[in-house]
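Protein chains in written order, with the numbering used here: chain A, 773 to 1005; chain B, 233 to 1093.
In structure tokens:
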């Protein structure tokens, strides 16, 4: 029983809340439900859940505020639930420390996959403070951090230093969405505001590592938000 | 904005106590809590008057940099301060150069327009129409005058009156005698009484229909006639017209005369006359014709007494002619007195002009005479009679009069001809012989012929020139009007007008269609010869244009307002609204003359009409767009409600079937029903997403917020979403090697691509190949989705991108809302300034493609 992961579900719509909790319970998670922001913060402090599923539209306060409050004292993985089209809201949540987001309406399998990724990610961080194994392998893609070599299907790929920096940044956060702003600040420092440079570099990377840049396998675009390296092909 | 009220304290001479009364009144207002401010009090006001000022706030005078130690009323400070009531002494004051307006009354008009009440003072001799009477009485010429309309339109006029004896006592060194004072007092009281009777507004029957006409010339004495008529018209409450007849002598006027004519016209304008310029050789006839046509009852003419010349013996006087032409019109004759000297100089000038010589004309004359002489000597050799040779010389004189300008050549030629004839063709040959009788006759005959022909040709020529000029002007106006009628669009109208004005006046033009204070830069149309027109857009010039916009009056070079700037501005007014301002460059003191201004005014009224029409048609189009939008919205709503009902019915039916008959249905049937529910709700979600995406398009501008996105990323995102939903579908995607950055709303374009692919899947089935191609064509990014399905039915083409299609016009298979999907795609692409089309491929299957411009993205929100 104690091995079950505890998930705090913050959702004010009864129907959606019911459906999610049913799925989660069936998939061996322990679910605590909160219907508004205050309850969410209270329950988060008292129960210390392993993951929080946070809907951004709450009756008493903005979901973003709940996120900010939780991030002040904890690194509990938070997955934000938001509607499509609200890209700016998602970017804001990610920049404020949300681990991932999922767009309404979503299917069961998608939800479970996101939860698995987020939990795995946080456990990895928890287990060893040096998560850097010397290499990462995703499908045919292999990045060797020690030798600074990137291979696709055993063929060595030649990347520029910036491209290598981008690909390692994404691979170290594999499965997680990194916003455009975040990537740019990490690679070029805080003063760059030129979105285009990143797009050009990303297009070049794709042309090098992907079979068809229009159907990327390894690095997918989250329109209006950022990029994500998939953790399994 | 409501304009302010003007109260004038009116007296017959300085020292009657106008300023005192004004300040006394102001003080009462101040004590009653009114926001009173002192704008200007003349410095030589007596001490006990100044005493009244205590406690009332005042505006500091404006120091003028152009003249040391001079200061003026600071109009802009007053406008900024915006009190309820402002005291500005001396209405008739002329401002020093360096101030915006030439006259203080213009300052006061601006204050009134800004909604500020004004108290001011004026003396009787400053009233424009009384100016000359006062001059006659007192022999003091008063330069500073106020147009009558300021006085007449004042809300209150308070007559300040004291006995002349007391005034003399009070003001011992007055230039006025007691008698003069009495007369001035009478005039002042009459003026005040006139105002009252005017305000009472009871028209007397006999006078209602009168209309006055005054003929003016360039002579300064015309000013007297103008003033006289103005007074008369006011007394009769009648409209009045000032006419000027242009004839063949008008163009010969000296600069001085032109200037004095200009002044007369301005005076008439100020006094409220209608001004008409007529063309005609015979002044009396022209005037008579005009009078008949426009129902004039009284004609005023000026006449000088001592004009006895040789010509007058034969020609009837102007007024006699008028009387003979118009038998039931009153004619008033105003004697000229002061103008003898001026008139003579003008005549002298005319004479000078006529005898002015030009080298080319002299050469022409000599050449013709030489040719005639040679020809004649040839004829003599052929034994042709002398009398015929005389005819030849007459022809030559006629010809010379025709090809030269002025009388002088004709006359000279006739004299020379006589000598030539005498010398070469009369016995004794090659010698002069004047003693013969027939010589003298020949001489006279030729001289008279030459005189008559040269005057006649001269007259006809000038007449023709005048007519031509006038016709050209009318032609131009007509042409402008014609062109304006067919011109659409504000910028086209502006360009057209500018071009015409530039062409005709040879000056650069600036056109503001909006108040420059709102950031309008104004369209400059440069004249070719004029390369230094940058000044038109300077800050100073813009502020003048702004002034014209707010005050609805002309300003700039050659006017009384902002005379220091280098351009002349006229407003384009229609129905009390300023639709634009036309500025014409007058650089280098090269001001516009009266006819150019009149021309500009006519053009401005044509432009006003065109702009007004443009505005109306814009409005109409706006309404049309509104209704179109409204129609689209209601169509969409109808289509949605139709399309939503189907899946909802399905969901409701299936779910209630399961709930109510759970025991009766086997597992398989239940699963089937549940998967129906799932399908239907998925469809609903997509539908709603589509609809939501439409709301991202801005309602008013039908525009979207665009950011540069990598087109291939958007395509990839759409493909991956489609793959999630249709994992088995065979789709190939190709993107160009080059990265295409397209300004767009990524979510919306993704939606468009998804819709198109979905549409393709539905029409071709899951086994067929679907191709998605992204490519670049010139400066457009082209997205193409093609399928191998049955293609688009011919009858669907007209309604392909329509959201609502009349029943029965759409093929049954597309009943499930693809209409909305495509129509949404269309509106999204249109909102990106893109194009969208659909066609059938020759090898079968349909192609939907849309293209978005690569440039023009705005990063701002």
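For each residue, glycine too, the CB sits at the ideal point set by N, CA and C.
Note that the structure is a prediction, hence the values are computed from the model and not measured.
* **Segment contact flag, the stretch 959 to 975 of chain B with the stretch 1001 to 1014 of chain B, C-beta cutoff 8 Å, min 3 pairs** => yes
* **Between the CA atoms of residue 1084/B and residue 870/A - distance to the nearest angstrom** => 35 Å
* Identify the continuous alpha helix (DSSP H) that holds residue 359/B and give its terminal residues. => No alpha helix (DSSP H) holds residue 359/B; DSSP gives it neither H nor E.
* Asked: For residue 457/B, which three-state DSSP category applies?
  -> helix
* **Contacts of residue 966/B in chain A (Cβ-Cβ under 7 Å)** => 986
* To do: May I ask which residues mark the beginning and end of the beta strand (DSSP E) holding residue 1072/B?
  => Where residue 1072/B is concerned, the enclosing beta strand (DSSP E) stretches over 1067 to 1072.
* Asked: Per the contact definition of three or more C-beta pairs closer than 8 Å, is the stretch 848 to 859 of chain B in contact with the stretch 814 to 829 of chain B?
  -> no
* **Within chain B, the residues that residue 969/A reaches when beta carbons sit closer than 9 Å** => Per Cβ cutoff of 9 Å: no residues; residue 969/A is ~11 Å from chain B at best.
* Pick out whichever of 454/B, 445/B and 559/B has its Cα sitting closest to the Cα of residue 519/B. => 445/B
* To do: Run down chain A in chain order and give the residues with a C-beta less than 8 Å from the C-beta of residue 947/B.
  => 986
* Once you ignore the five residues that flank residue 391/B on each side, which residues in its own chain have a CB closer than 8 Å to its CB? -> A distance below 8 Å between beta-carbons, with the five flanking residues on each side excluded, links residue 391/B to the following residues of its chain, in chain order: 242, 243, 420, 421 and 424.
* Asked: Going by alpha carbons, who is nearest to residue 458/B out of 360/B, 416/B and 469/B?
  -> If we check each option's Cα against that of residue 458/B, 360/B comes out closest.
* **Interface residues of chain A facing residue 978/B [CB-CB closer than 7 Å]** => The answer, in chain order, is 995 and 996.
* To do: Go ahead and pull the three-state DSSP assignment for residue 789/A.
  => Note: residue 789/A maps to helix in three-state DSSP.
* Are there 16 or more other CB atoms within 10 angstroms of the CB of residue 447/B, so buried, or fewer, so exposed? -> With at least 16 other beta carbons inside 10 angstroms of its own, residue 447/B counts as buried.
* Asked: Counting only beta-carbon atoms, is residue 992/A nearer than 8 Å to chain B?
  -> yes
* Between the Cα of residue 999/B and the Cα atoms of 1020/B, 981/B, 987/B and 237/B, which residue gives the shortest distance? -> 1020/B
* Same chain only: Cβ atoms within 7 Å of residue 1072/B, ignoring 5 sequence neighbours per side -> Cβ contact annotation for residue 1072/B (same chain, cutoff 7 Å, sequence separation greater than five): 1023, 1024 and 1078, in chain order.
* Rounded Cβ spacing between residue 678/B and residue 649/B (contact assumed at less than 8 Å) -> 6 Å
* Contact check, residue 774/B vs residue 780/B under 8 Å by CB: the rounded distance? -> Between residue 780/B and residue 774/B the Cβ distance is about 11 Å, and since that is not below 8 Å, they are no contact.
* Start and end of the beta strand (DSSP E) containing residue 928/B? -> Unbroken run through residue 928/B: none, as it is neither H nor E.
* Comparing the C-beta of residue 940/B with each C-beta of chain A, is any distance below 8 Å? -> yes
* Using three-state DSSP, classify residue 476/B as helix, strand or coil. => strand
* Shortest alpha-carbon distance to residue 249/B belongs to which of 322/B, 262/B and 236/B? -> 322/B
* residue 631/B to residue 685/B span [Cα, whole Å] -> 9 Å
* Report, in whole angstroms, the separation of the C-beta atoms of residue 1086/B and residue 1013/B, which I expect to be a contact under 8 Å. => 6 Å
* For residue 996/A, which residues of its own chain have a beta-carbon under 7 Å away from its beta-carbon, when the five flanking residues on both sides are left out? -> 859
* To do: Out of 465/B, 920/B, 975/B and 916/B, point me to the one whose CA is closest to residue 941/B's CA.
  => Put simply, of 465/B, 920/B, 975/B and 916/B the residue whose alpha carbon is nearest the alpha carbon of residue 941/B is 975/B.
* **Continuous beta strand (DSSP E) stretch holding residue 508/B: start and end** => 506 to 511
* To do: Identify which residue in 971/A, 825/A and 798/A has its Cα closest to the Cα of residue 886/A.
  => 825/A
* **residue 840/B and residue 813/B closer than 8 Å at C-beta** => Cβ distance not < 8 Å, so residue 840/B and residue 813/B don't count as in contact.
* Can you list, in chain order, the residues of the stretch 901 to 934 of chain B whose Cβ is nearer than 8 Å to any Cβ on chain A? -> Result list: 917, 921, 924, 925 and 928.
* N- and C-terminal bounds of the beta strand (DSSP E) containing residue 741/B -> 741 to 744
* **Cross-chain neighbours of residue 951/B in chain A, by beta carbon under 8 Å** => Those within 8 Å of residue 951/B in chain A are 986 and 987.
* If we call anything under 8 Å between Cβ atoms a contact, is residue 625/B one with residue 593/B? -> It is not a contact, given that the beta carbons lie outside the stated cut-off.
* Would the stretch 950 to 958 of chain A and the stretch 911 to 920 of chain A be scored as touching if the rule is three or more Cβ pairs under 8 Å? -> no
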